[in-house]
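Structure first, commentary second.
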Amino acid sequence: MRRSRGIWLVAATAGLLWLLVVALAAGMSLTPLQRVQQAALPTPSPYVWSWPTPWSLLSPLVAALAVAACVAAVLHVVRRRASFAATWLAVVAAGAITGMAIDVQLVFGTLFTHGWALWAVDLGSRAAIGAYWGLLYGWLPALLASRLSRREAPGDGPGGAVRLRSSLAVGAAIATLVLLVATQTLGDEASQAQVRADQAAAEPAPADGSIPPDPQAEGDPVPERSAGAGVTDADGCTPDRAMILKGEPDAATGHRGLRLELLNFSDAPCTIEGYPDIAFGDQNGHLLDSTIEHGGSFMATDPGPASVVVPAGGSAVAYLGWDAQSTHGALIARTLWAAVVVGETRGSWPVELDVVAGTAVAVTAWQAPGDAP
Numbered sequence: 106m107r108r109s110r111g112i113w114l115v116a117a118t119a120g121l122l123w124l125l126v127v128a129l130a131a132g133m134s135l136t137p138l139q140r141v142q143q144a145a146l147p148t149p150s151p152y153v154w155s156w157p158t159p160w161s162l163l164s165p166l167v168a169a170l171a172v173a174a175c176v177a178a179v180l181h182v183v184r185r186r187a188s189f190a191a192t193w194l195a196v197v198a199a200g201a202i203t204g205m206a207i208d209v210q211l212v213f214g215t216l217f218t219h220g221w222a223l224w225a226v227d228l229g230s231r232a233a234i235g236a237y238w239g240l241l242y243g244w245l246p247a248l249l250a251s252r253l254s255r256r257e258a259p260g261d262g263p264g265g266a267v268r269l270r271s272s273l274a275v276g277a278a279i280a281t282l283v284l285l286v287a288t289q290t291l292g293d294e295a296s297q298a299q300v301r302a303d304q305a306a307a308e309p310a311p312a313d314g315s316i317p318p319d320p321q322a323e324g325d326p327v328p329e330r331s332a333g334a335g336v337t338d339a340d341g342c343t344p345d346r347a348m349i350l351k352g353e354p355d356a357a358t359g360h361r362g363l364r365l366e367l368l369n370f371s372d373a374p375c376t377i378e379g380y381p382d383i384a385f386g387d388q389n390g391h392l393l394d395s396t397i398e399h400g401g402s403f404m405a406t407d408p409g410p411a412s413v414v415v416p417a418g419g420s421a422v423a424y425l426g427w428d429a430q431s432t433h434g435a436l437i438a439r440t441l442w443a444a445v446v447v448g449e450t451r452g453s454w455p456v457e458l459d460v461v462a463g464t465a466v467a468v469t470a471w472q473a474p475g476d477a478p
């Protein structure tokens, strides 16, 4: 029992030494001596000080607990008197194991964000730094262990008790390493969220007074296709024969309009009948809650659905119309999505329109350009 207490005292000293080195390294990083910081004060994760609270404090603390637990586990498993050399090597091993746990978190994080191309770039780098820390400073816990060993009575006690203490020490080491990986993961996620929030805050406010983009906003993506039959005629204006071109917005007092053109780029005529399929995306890339109505508006008259023959190189037109809206503090249209008819794949165009959530947008049927108002 006395030997076990001595091991934990040595382990606690190693953990406190880890914290001390990390704190000194953080202070030195703010001075002109930061270039020699990693040589004299190696830390596997120096960047954690830029993390938001409490992760900037929790990560070094949990890492120190992992170092202490690993030192205790190694010394318990060795089952020999804690000599100077054995303890020093145990501290080196504990630093390497702790660094490897950080490596595991970083490597798997890279695997999920960048794929297999970069997954092993940093593998082992933090483990090497942790081992280097142990080489530089492991002699201090080793010196304490050497002095304590002179006062210990020989023998470790009953074999069953020794095995139990060893198992508990190894279990504690594994638990703290798992906790370290979890802390690193959560701290990294909090740091990335803080970076995104800072970037959003640094963006200038939209000139139209609308809500600034929010990467964390919830919403549904705009469907690339809505349920429908699509173009069914054999000579229809399918995407391999015709494409939609977006015009420029038009305005009258209190009213807005937008022209769509269906260009037949094939060598043969094609036919189209019905209404374009329209949707809007907001500044966060989500589906804008607007109402699309078939019919005319102040800006355009709806001729109703009729078969339109679009000659080769020719076009058909349709119009969107809506009433002007206040965009102050609102979700607004930043992307127009349109398909030839319902059921076809939508294309998208960036727009700056005063279509806000709840706006009713009228869309006319496709018509020949000469029939348009």
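Residue numbers (my numbering): 106 to 478.
A virtual CB, placed ideally from N, CA and C, is assigned to each residue, including glycine.
Around the CB of Q304, fewer than 16 other CB atoms lie within 10 Å, so the residue is classed as exposed. The residue among T158, I397, V167 with its C-alpha nearest the C-alpha of V127 is V167. The Cβ atoms of V197 and L240 lie closer than 7 Å to each other.
The three-state secondary structure of P159, taken from DSSP, is coil. Its Cα nearest to that of G111, the residue S251 stands out among S251, V456, R268. For G452, the closest alpha carbon among the candidates D338, V422, E329, D313 is that of E329.
The DSSP-derived three-state label of Q472 is strand. L350 sits away from L363, with the two beta carbons spaced by 7 Å or more. For V414, DSSP records a beta bridge to T376. With contact defined as three or more Cβ pairs closer than 8 Å, the region 461 to 475 and the region 427 to 445 are in contact.
Boundaries of the beta strand (DSSP E) around S420: 420 to 428. In the DSSP assignment, R364 falls within the unbroken beta strand (DSSP E) covering 360 to 369.
The residues A173, V176, A177, in chain order, have a CB closer than 6 Å to that of A116 in the same chain once the five nearest residues on each side in sequence are set aside. With contacts defined by Cβ atoms closer than 7 Å, A438 and F385 form a contacting pair. Across the set P474, S150, V414, W156, the C-alpha of W156 shows the shortest separation from the C-alpha of R301. Counting along the chain, the unbroken alpha helix (DSSP H) around L241 starts and ends at 230 to 242.
Looking from the CA of R268, the closest CA among P344, H181, A190, V327 belongs to H181. CA-to-CA, the gap between A421 and P344 works out to about 14 Å.
Straight through space, the alpha carbons of D407 and D382 are spaced by roughly 15 Å. In this structure W442 is in contact with V327, their Cβ atoms being roughly 5 Å apart against a cut-off of 8 Å. Around the C-beta of R231, 16 or more other C-beta atoms lie within 10 Å, and the residue is accordingly described as buried.
Note on Q321: under 16 other CB atoms within 10 angstroms of its CB, so exposed under the neighbour-count rule.
Put simply, of C375, L436, F403 the residue whose alpha carbon is nearest the alpha carbon of W471 is C375. According to the DSSP secondary-structure assignment, V466 is paired through a beta bridge with I397. Judged by DSSP in its simplified three-state form, D340 adopts coil rather than helix or strand.
Excluding its 5 nearest sequence neighbours in each direction, A206 has C-beta neighbours in its own chain below 6 Å: L282, L285, V286, listed in chain order.
Here G401 really is in contact with T469; their C-beta atoms are around 6 Å apart, less than 8 Å. G418 and E366 have their alpha carbons spaced roughly 12 Å apart.
Under the 10 Å beta carbon count, V413 is surrounded by 16 or more other beta carbons and is classified as buried.
Note that the C-beta distance between D338 and N389 is not below 7 Å. Its chain contains L367, L368, N369, F370, S371, C375, I377, V415, V445 as the residues whose beta carbon lies nearer than 8 Å to that of A347, once the 5 sequence neighbours on both sides are disregarded; these appear in chain order.
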